[in-house]
Amino acid sequence: DQQVKQNSPSLSVQEGRISILNCDYTNSMFDYFLWYKKYPAEGPTFLISISSIKDKNEDGRFTVFLNKSAKHLSLHIVPSQPGDSAVYFCAAGAAGGYQKVTFGTGTKLQVIP
Amino acid sequence: DVKVTQSSRYLVKRTGEKVFLECVQDMDHENMFWYRQDPGLGLRLIYFSYDVKMKEKGDIPEGYSVSREKKERFSLILESASTNQTSMYLCASSFPLRAPRTEAFFGQGTRLTVV
Numbered sequence: 001d002q003q004v005k006q007n008s009p010s011l012s013v014q015e016g017r018i019s020i021l022n023c024d025y026t027n028s029m030f031d032y033f034l035w036y037k038k039y040p041a042e043g044p045t046f047l048i049s050i051s052s053i054k055d056k057n058e059d060g061r062f063t064v065f066l067n068k069s070a071k072h073l074s075l076h077i078v079p080s081q082p083g084d085s086a087v088y089f090c091a092a093g094a095a096g097g098y099q100k101v102t103f104g105t106g107t108k109l110q111v112i113p
Numbered sequence: 114d115v116k117v118t119q120s121s122r123y124l125v126k127r128t129g130e131k132v133f134l135e136c137v138q139d140m141d142h143e144n145m146f147w148y149r150q151d152p153g154l155g156l157r158l159i160y161f162s163y164d165v166k167m168k169e170k171g172d173i174p175e176g177y178s179v180s181r182e183k184k185e186r187f188s189l190i191l192e193s194a195s196t197n198q199t200s201m202y203l204c205a206s207s208f209p210l211r212a213p214r215t216e217a218f219f220g221q222g223t224r225l226t227v228v
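Listed below in structure tokens is the structure:
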């Protein structure tokens, strides 16, 4: 049972345009969400997070939006740069003592120069 | 800088061997995790630990065990390696999710091939 889903395995975007990566979850206990970026042959690195008390969090070119009623979050990258080409994973967890973090299947973003 | 170090980048083992994957972190994190990454399946949690000697099963614990005798070290053990355990293994550590900084830091991964 996939509790965190990224339905788009890949995405191609022109440099300078907006990249939108989507993530859906099914477990209503999740109240903390994170995005990670992964280059080949490296471990994932943290990008941005959001807790369920917010619906938006921004960090430079990266913004995460959370729609709790739809159990949906998205990562916006504006403007997209070739160095953003990587696999992006969303992850979800429950902060109330339950430490397990569940990852999605990932979306491979290609930013075309 | 936070550092999570996995003992090997690449390993080749024979079917039936007992395999140890070691992970060490230097940030005094309470939580440590073992994931495996497979194409099309993302990162799947094998086991996690929220304290010394404490462990919890993840989503795919079958065929694996773990050991956490010291806070900084978390070992993954493949009791009898099988070819379907060929994968990229990733160790991670973090503070508890309720802490101000909650993101996990990952090691560079161990590419394990079982022949």
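As you go down the protein sequences, you meet chains E and S in turn. For the first sequence, the numbering used here gives the first residue as 1, with consecutive numbering after it. For the second sequence, the numbering used here gives the first residue as 114, with consecutive numbering after it. Glycine is no exception: its CB is placed at the ideal position from the N, C-alpha and C atoms. Keep in mind that this is a model prediction, so the values were computed, not measured.
Asked                                                                                                                                              : Found
Tell me whether the beta-carbon of L124/S lies closer than 8 Å to the beta-carbon of L225/S.                                                       : yes
If I measure Cβ to Cβ from K170/S and keep anything under 7 Å in the same chain, skipping five residues before and after, which residues do I get? : Y160
To which residues does DSSP link A92/E through a beta bridge?                                                                                      : F33/E, T102/E
Do you know offhand how far D172/S's Cα is from R157/S's?                                                                                          : 7 Å
Along the beta strand (DSSP E) that carries R186/S, what are the first and last residues, could you check?                                         : 186–191
When you compare the CB positions of S180/S and K131/S, do they come within less than 8 Å of one another, or not?                                  : no
Alpha carbon to alpha carbon, what distance is there between L11/E and K92/E?                                                                      : In the sequence as presented, Lys is not what sits at residue 92/E; that position holds Ala. If you take the alpha carbons of A92/E and L11/E, they lie about 22 Å apart.
Reducing DSSP to helix, strand and coil, say where D84/E ends up.                                                                                  : helix
Quick check on this structure: which residue in G106/E, A86/E, T102/E has the alpha carbon closest to the alpha carbon of M29/E?                   : T102/E
For F208/S, tell me which candidate among R122/S, D139/S, V228/S, P152/S has the shortest Cα-Cα distance.                                          : D139/S
Could you spell out where the beta strand (DSSP E) holding H76/E opens and where it closes?                                                        : 72–77
Given that G106/E touches chain S, what residues does it touch there, using C-beta distances under 7 Å?                                            : G155
If distances are taken between C-alpha atoms only, which option among Y88/E, I20/E, I50/E comes closest to P153/E?                                 : Here chain E has residues from 1 to 113 only, and residue 153/E is not among them.
So with Cβ pairs under 8 Å, would you call K100/E a contact of chain S?                                                                            : yes
Please classify Q198/S: does DSSP put it in a helix, a strand, or coil?                                                                            : helix
Taking the alpha-carbon positions, what's the S120/S to T199/S distance?                                                                           : 17 Å
Let me check understanding here. Comparing Cα to Cα, which of A217/S, K126/S, N197/S lies closest to W147/S?                                       : A217/S
Would you mind telling me which residues of chain S sit closer than 8 Å to E42/E, beta carbon to beta carbon, in chain order?                      : Q221, G222
What in chain S is Cβ-close to D62/E, meaning under 9 Å?                                                                                           : One detail in the question is off: residue 62/E reads as Phe in this sequence, not Asp. None at all; the shortest Cβ gap to chain S is about 13 Å.
First and last residue of the beta strand (DSSP E) that includes E182/S?                                                                           : 177–183
In angstroms with no decimal places, state the Cα-to-Cα distance between C136/S and P40/E.                                                         : 20 Å
When burial is assigned at 16 or more other CB atoms within 10 Å of the CB, is T215/S buried or exposed?                                           : buried
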